[in-house]
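Only one structure is covered here, and it is reproduced in the block below.
Chains as they are written, first to last, in my numbering: chain A, 487 to 633; chain B, 487 to 633.
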């Protein structure tokens, strides 16, 4: 079994799409994360669901739990509406990290190790910069435990 | 809106359950992760789905992508069956990390920041060491984007 045998087609977002649109797509399609494409439709980044959420959390709250606690409840509930038309590109953190991207010949063990290491429940399968589809944690685990 | 308003009941596993049982539960119930309880039924740890998968990936492959690639395909497909009765406790990494645990009064912003920071799509809501339930990424995002 190789990555090519585990591929599913998932909807993608463009790097200049609004964050709110990305968040809605993830919820509506019940996706574990999102593949973000650049203008050439090549994967620009892959975001685990928690990192799509992160795009929508104000920076001043992300690393300071006490700040998020003291903000009054009404304001906290409104934070996603304050995003306006902020794009995914502008909301992305700068730090480089290993992307969960692999090729169609990757073994199941290789995909599993990549998912575990990058903490991403979605891996993009790419061949010569062309996106073939995604392997999701659910698809991989289902095949592994044989249910 | 507080954590208490977002709680869902999720199945849990015991820290001395076999890893394979934990993996099956996650797949069968389509959970984003697992809450692991100790003997007193207090949360011992919370594992995002990718870290449940990690329990099942041989240690020598986790941080060495080239090793996972060279292992022959037949063996790679069998790795989950080699787990035997390895328990969650024995498979857990030792390194301490911030757990995605909060109290019922946490604001939605606080839960969102915790999920983003710990990269966990599941947060345990605990009151005086008693598990009240879980807030999942899907529940939180659904409420936030209002679909």
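Using N, Cα and C, we set each Cβ at its ideal position, and we do this for glycine too.
- For residue 596 of chain A, a Cβ of chain B is located within less than 7 Å of the residue's own Cβ.
- Counting only residues of its own chain and dropping the five nearest sequence neighbours on each side, residue 552 of chain B has no CB closer than 6 Å to any other CB.
- Counting along the chain, the unbroken alpha helix (DSSP H) around residue 625 of chain B starts and ends at 623-631.
- Residue 587 of chain B is bridged by DSSP to B:610.
- Using a CB distance cut-off of 7 Å, residue 577 of chain B does not count as an interface residue toward chain A.
- Counting along the chain, no alpha helix (DSSP H) covers residue 517 of chain A, and no H or E run does either.
- Look at residue 487 of chain B here: in three-state DSSP terms it is coil, with no helix or strand label.
- Residue pairing from DSSP leaves residue 526 of chain A without any beta-bridge partner.
- Residue pairing of residue 619 of chain A in beta bridges, as defined by DSSP: A:611.
- Three or more Cβ pairs drawn from the stretch 595-610 of chain B and the stretch 529-537 of chain B lie within less than 8 Å of each other, which places the two stretches in contact.
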